[in-house]
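Asker: Below is one structure. I have some questions about it.
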Amino acid sequence: MIIDAEDLIMGRVATYAAKQALLGEEVIIINVEKAVISGSKEVVVEKYLWRDNLGEPFKGPFMPKIPMKFFKRVIRGMISYKKERGKLAYKRIKCYPGNPKNVKGITLENAKYTKLKKGSYITVGELCKHLKK
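The opening residue of the sequence shown carries number -7 in my numbering; numbering runs sequentially from there.
Dropping the structure here:
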């Protein structure tokens, strides 16, 4: 199954992908840097910067700053990745920035960002740029 995450809400795509992976299906998510996170830009950036500063610099927890790894980490939080079933499901999920092979993926109609207030979202790509600074 290929999911095109462009202009879709990240959490809704992640829950759908996690459920499909737990059911045994291979899930490929493309255009992850164009997925959106709801909330005002300042609040979302501040939240993830705070998370990034938690803990020790050498011990973790470590926040990924690359969009595809960031998205996969969000999905990891939705499955029991330490148990056997979760490990296998986590291996079935692949995330790609852009569209590497120009394939057409499905879009989830209930995950469109148009339901959000105008300007009250930030893309995963923008957020990762703020985290890298």
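Here a beta-carbon is modelled for each residue, glycine too, at the ideal position from N, C-alpha and C.
Rounded C-beta distance between V24 and P59? I'm assuming under 8 Å.
Answerer: 5 Å
Asker: Between L108 and the rest of its own chain, which residues show a CB-CB distance below 7 Å, the 5 nearest in sequence each way excluded?
Answerer: S30.
Asker: Applying the criterion that 16 or more other CB atoms from any shown protein chain within 10 Å of the CB defines a buried residue, is F62 buried or exposed?
Answerer: buried
Asker: Hey, could you find the ends of the beta strand (DSSP E) D(-1) is sitting in?
Answerer: Note, D(-1): premise wrong, no beta strand (DSSP E); not H, not E.
Asker: Could you tell me the alpha carbon to alpha carbon distance between G90 and T115, rounded to whole angstroms?
Answerer: 13 Å
Asker: If I measure Cβ to Cβ from R4 and keep anything under 8 Å in the same chain, skipping five residues before and after, which residues do I get?
Answerer: Hits under 8 Å: L100, N102, A103.
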